[in-house]
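Every position in the sequence shown, counted from 1, becomes a number in the numbering used here once 7 is added. For glycine and all other residues, C-beta sits at the position ideal for the given N, C-alpha and C. Only one structure is covered here, and it is reproduced in the block below.
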Amino acid sequence: MKSSRTFAIIFWNYAFTIFQSEAIILPYGERVGDSILGNGDDEVSEVLRLKEPLFFYDAQYYDLYIATNGIIFLQPPPRESGYVDRAFPLGFPAIAPFLADIDTSGGRGSVYYRMEESVDILNHVAGLILRSFPNVHFMPKQAVITTWDKVGSHLEFPFSLESSDKMNTFQAVLASDSQDSYALLLYPAEGLQFLGTMAKTFHNPGVELLARAGFSGWQSSTSEERSYPLPVPSVRSLDQEGNAGVRGLWLFQIGSRSAFEDILSPGPGPSLPPAQPWARAGHREPAADTVASVVADLVDDFYVLSDSNAPSTKPPPPVLPPKLSPTPLQGTPTMSPSPPTLSSSSPPTRPPVPPGPLSACGRILHLCSQDGYCADHPTGPCCRCRSGYYGNGRRCLPQGVPQRLNGKVSGKLTLDGTEVLLKGVDLHGYAVVADGRVHVSVSPVPEKVGWALMTVSPLIGLFGWLFAQELQDYKNGFHLTGGECTHQARVTFHPGKQNLTITQKAQGLVSLHAAWVETFLQGDLPLIPAGATLQLEPYKETYQYNHSVATSSSLRDFSVVSDNRGFEKLSYFLHQDVTYKGCAHRSFPDTQFQQLNTERLLVMYNKETQSLMYSISNTVGPVGGGLPDPAWVNPCSAGAHYCDPMSICVSATGTDYYCQCVSGYRGDGRSCYDVDECSEGLDSCGLHSQCVNMQGSHHCVCNAGFEFDPDWRTCVDIDECYLKQCHPFASCSNSEGSFHCQCWPEYHGDGLVCGQSALVTESESRPPSLCEQHRASLQGGGPGVWGGLPQEEAFLPQCDQDGHYLPLQCRGMTGQCWCVDSRGQQRAGTRTDPGSPPVSCVTAALPPPVPPLGNVADSMCERWRHDLEEQYGGQVSPQDYIPQCTPQGHFLPAQCYGDSTFCWCVDRDGREVLGTRSRHVVKPACLPTVPSQAPQPLVHPGVVSQPPRQAVVFSQGHHITALPLDGQQAVCKKASLLLTLKDAIVVGMDYDCKENQLYWSDVASQTISRVTLEAGAETESIIHSGVTRPEGLAVCVRSRRLFWVDSGSLRIEAASLAGGDRAVLVNSDLSNPRAIVVDSTSGTLFWTDWNRDGPRIESCSVSGQNRRLLVQQGITLLTGLTLDLKTKQVCWADAGSMKVECIAPDGSERREIYRCQDDYPFSIVLHGDTLYYTDWERDGVVMVDKGESNRTDQYLPLRRSHLYGITVVTSQCP
């Protein structure tokens, strides 16, 4: 063991010297999934949308543009002549690793780019950054890797032809987490063979200009243009020097969510060793065993062997530090330094992580599944699944629970000389792991290739291997791979000698218990007559295993029976390799050979539905085990048993069997029900956490202010002061589970937002309160008029002498009044109409709560609230966070810190919804997830009254109401209830004028339903699976398709109006999608994404193609979206800026049509010249004359609660 440690230290010093001496660029090329920029002189990529913002100086960017000329734009780029010859600053935000007139025409190189999220690459990038910035806390969530590979200079003048054989290779890596961004610029040895290009501008013809490298941007807080050229005397030094201890590696912090003044370079590092003469650039696709990857892997393996008590001179390895700083002692707040004076030095930084090697498991535990644990082996650590689960430790599934399968099938196939293309065909299925059965459907598959694809049974073979029933101690593929692997199969058919290649990439679990597999087919297929059936006999094949690959070869026979009973026997030879990443430290079992038994294999093609269906039943066991006689096949193997889907069928003697519920379920095996570990006290959750029950299992969720420590078992306090939650001009005090911000002297605010105090008199020494700031912001438009409303109709907050909101607030002289809380938010049930006496805000009682189903005090929200109140000693200050709960004990959808405007949305378990944080005086538009109870149980909800021929229809929780229209004027006195839905929260609504049907989405039941608008008609659920949080929806009258956004799964989907033929149109770069509309004439979809860090409106075709950004600037809190059929424009409501605006589909003619001051518009619809919207401030429907831009009427239901979706029912289609 001692010799192993000695070798580890020797190897580290040797390997690190090689690795540190010269930069080795990260893997790139088509093999690793890169996109390729088109060849040419001045090419620019389509917009690359980021999932996490890139922080550049003190601004955030979600869009990047990759250009040929060695530059990355952070906004739509100018013409080439506007920047290619310019020196820094460039006049726009950009990152330039080698800005020159580069040309890739004629095959002279390529530009590759991708957004990388793999753990291995991100850990490697983090290691480089943390070695140069040892005192930071950085764990990248994404990295954009751009590589200019053997690119040449633009050739225009005869005297430049001599450089035509000189090519450059360099790379830029932009890495970001939720707080900071870093840039790595890499120039491999001898990668720069030309240093400049000929000028293109007319005043410098024929002059060679040296390339430029650096950063150009804006300081948004001061509107000052900034630039940072790389600190080298000449571009000649880029691959000879470096600022991170590596020749050719330049590393910088380029931006931050908090205050950021200028580009930061690491401090002085070790001197560079002599250049290694063997290092060369130009390897288009570095293999997995390049020096960089070999060193990284071996350092991981050997580092854990070092003696923790022995001194070590090696630098820290490229692994991540612990996620959290040490937890402070309870009751001892961690104070940030006092405000700096003019003589102060640099701002305080976080203390460095204590030195010393991490434990073996401590370094990798964040990679293990939450349902797994870390186990030490003699040579290092590995992840394993805990009892009741199976997998490779990184991905774990509950034993016995059916597994959903999803994916896409593409390919280029040749059939009888005709080429057929498959593009993104849907694959859906499920695996019954308890007995090794797998069922898969692929559709739509064209008939001309569908019959022939029945012969490609290896397409389902990967699923059979992954989820085979395990005999004795033999393991199926998921045990080894965790569902992450690559399957390569080569098929040769006989007697026709057609060759087919199958490539499948299993990407693990993309959502809870749902595996995703991408399949690509290429080659020739045998001709199978239409209407034929295939008969496939049971077979067995032997797999040989090592640590990273499983291989098998076999010869299989099958019979083709034509519809006229003709018979033909064919066969194919199959060789397949499954590669995966195993843990090198785990001792491999003696069973390096295993036998996969396929006891049943069925395949068929349905030309009516264009569906290709496969069914297979597999077991994995010892080599040599024979297949049973079909007459004696046990029902467990044949799938002919009567066990519950959540149970295991256990074979007994002969054809006898019995059923046993899987872990996490109870019952007799034929009927099993979920065990609620949380309510029965069977959970494993510790302090500061809540138990969340799941089907067959449970998970632990840390309370607000806490997060899991690196062992993923214990919730520890988050140091919000280190995360810079307070304003830069505020001090921060951390406490267990919370924190407190206080503005510095001479500044005012709540600590989250601080402003410079103006010179005041003694009587005005108090800084403006929240109420006074709110009032001042509404008076900014000038005296007399607020947002187009006369002063007597406008709302201005009334504040008392101490600056607090008066308990009773009224709108001008209209007589409409209501009660508010300390934050100025309306108290439910207290608004009175004009002419009615106002309620007493001191004695007013809230409406009687709906009786809860259980003890309110035992709810998660109330327990959490009680714990924090005890922690604060019963003295809760206005700046402390306390969970806000409903009378039934559920979390309010919007949560806020004390009396501040710092608010965010939460789900039903109190977990923050990403992208919803806001410090705006207007709360984020959070939707409830727990419905209010209907007044009486409903068995068959139906239309209770005859709907009017023309009406505005809106939703209010579980009610849907019709407001009749006389022309475009609402007849408020004749409003009638259409539907009452049990336990529903209806959000999105649209009307099909052809079939007189109303469609709606329900976020509580996670369904989409419809009903014919006739008295007595019953509702029909058309989408009731595979949706998480359906919000906006739209009906295309022309294509007869339904479209909706799912803010839970972050997808935009489409289906037929009956719910069939579903397709995912958009599933990337979505944060908080809400509203959606469809232009049936042009076939265009428009949707809003109200992510508070980057709200936007986008569009695409109804097939999901041609996605483009429509609006990004000047929007705050997007809620509603509609179409103006007269002007052919898209219109939206912004609850943050309190405006309704419209724009042409091409992005031109943007205009404001109404300023809804003091309202909170949620959903909007245009009918003729009238705009209707549901208002969360009034809890009513507001009507606006679009041409005159003034409010004409309003409807306030007697029952006061938020209104959601709204649409218009018409007597005929427009």
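Where does residue i sit, in a helix, a strand or coil, going by DSSP?
i       : result
Ser1196 : coil
Glu548  : strand
Lys576  : strand
Leu945  : Confidence in Leu945 is poor, its pLDDT being 38 and thus under 50, which makes the residue's placement unreliable; the coordinate value appears in the next sentence. The answer is coil: DSSP assigns Leu945 none of H, G, I, E or B.
Leu1250 : One cannot answer for residue 1250 here, as it falls past the ends of the chain, which runs 8 to 1221.
Lys1135 : coil
His648  : coil
Phe140  : coil
Ile270  : coil
Cys590  : coil
Gly905  : coil
Ser1078 : coil
Val253  : coil
Can you give me the C-alpha to C-alpha distance between residue i and residue j, rounded to a whole angstrom?
i       : j       : result
Val180  : Arg56   : 16 Å
Asp906  : Leu81   : 37 Å
Ile509  : Glu477  : 26 Å
Arg497  : Glu544  : 20 Å
Gly674  : Cys698  : 23 Å
Lys482  : Leu603  : 10 Å
Ser829  : Arg264  : 30 Å
Gly1212 : Ser1008 : 9 Å
Met122  : Thr1134 : 39 Å
Asp757  : Cys750  : 7 Å
Pro954  : Glu1156 : 38 Å
Phe267  : Asp724  : 26 Å
If you drop the 5 nearest sequence neighbours on each side, which residues of the same chain put their C-beta closer than 7 Å to that of residue i?
i       : result
Leu899  : Gln891, Cys892, Thr893
Cys1220 : Cys1000, Lys1001, Val1044
Pro84   : Val51, Tyr72, Ala74
Leu487  : Asn399, Tyr587, Gly589
Gly414  : Leu434, Trp523, Val524, Glu525, Thr526
Thr1199 : Met1190, Val1191, Asp1192
In terms of alpha-carbon separation, which member of the options lies closest to residue i?
i       : options                           : result
Gly114  : Ile136, Val143, Gly45             : Gly45
Ser578  : Ser566, Trp155, Ser417            : Ser566
Tyr1006 : Cys390, Thr987, Thr1026           : Thr1026
Val1191 : Arg1206, Asp1166, Gly1212         : Asp1166
Ala977  : Leu469, Val1189, Ala1062, Cys1138 : Val1189
Phe63   : Asp423, Glu232, Cys748            : Glu232
Ser188  : Val91, Pro147, Trp155, Tyr879     : Pro147
Gly589  : Asp887, Phe485, Gly674, Val1073   : Phe485
Gln178  : Cys375, Glu606, Leu193, Cys679    : Leu193
Cys817  : Gln805, Asp828, Gln514, Asn1098   : Gln805
Arg38   : Thr111, Gln505, Leu216, Tyr119    : Tyr119
Ile1059 : Asn1074, Thr1019, Ser560          : Asn1074
Gly1090 : Leu1130, Ala182, Pro1102, Arg1081 : Leu1130
Gly1194 : Arg782, Arg1162, Phe1169          : Arg1162
Looking only at its own chain, which residues have a Cβ that is under 8 Å from the Cβ of residue i, when we skip the five neighbours before and after it?
i       : result
Pro1204 : Gln963, Thr968, Ala982, Asp1186, Gly1187, Leu1210
Please work out which residues of its chain come closer than 6 Å, Cβ to Cβ, to residue i, disregarding the five sequence neighbours upstream and downstream, and give them in chain order.
i       : result
Glu50   : Leu44, Thr75
Ser866  : Gly896
Ile623  : Val445, Ile467, Gly471, Leu608
Gly338  : At Gly338 the pLDDT is 34, less than 50, meaning the model places this residue with poor confidence; the figure from the coordinates comes in the next sentence. Contacts found: none.
Lys614  : Glu454
Leu1064 : Arg1047, Leu1049
So that I know if they touch, is there some Cβ in chain D lying closer than 7 Å to that of residue i?
i       : result
Ile1104 : In the structure shown, chain D cannot be found, because there is only a single protein chain.
Which residue spans inside the stretch 473-513 form an unbroken beta strand (DSSP E) run of at least 3?
Complete beta strand (DSSP E) runs here, min 3: 491-501.
Only counting runs of 3 or more residues, tell me where the beta strand (DSSP E) segments fall wholly within the stretch 82-168, in order along the chain.
If we require 3 residues or more, the beta strand (DSSP E) runs fully inside the stretch 82-168 come out as 101-106, 117-123, 149-160.
Where in the stretch 166-208 do unbroken runs of the beta strand (DSSP E), each at least 3 residues long, occur, reported from the N-terminal end onward?
You should have 175-183, 187-193, 203-205.
In chain order, which continuous runs of the beta strand (DSSP E) of length 3 or greater are located wholly inside the stretch 404-432?
Qualifying beta strand (DSSP E) stretches, in chain order: 410-422.
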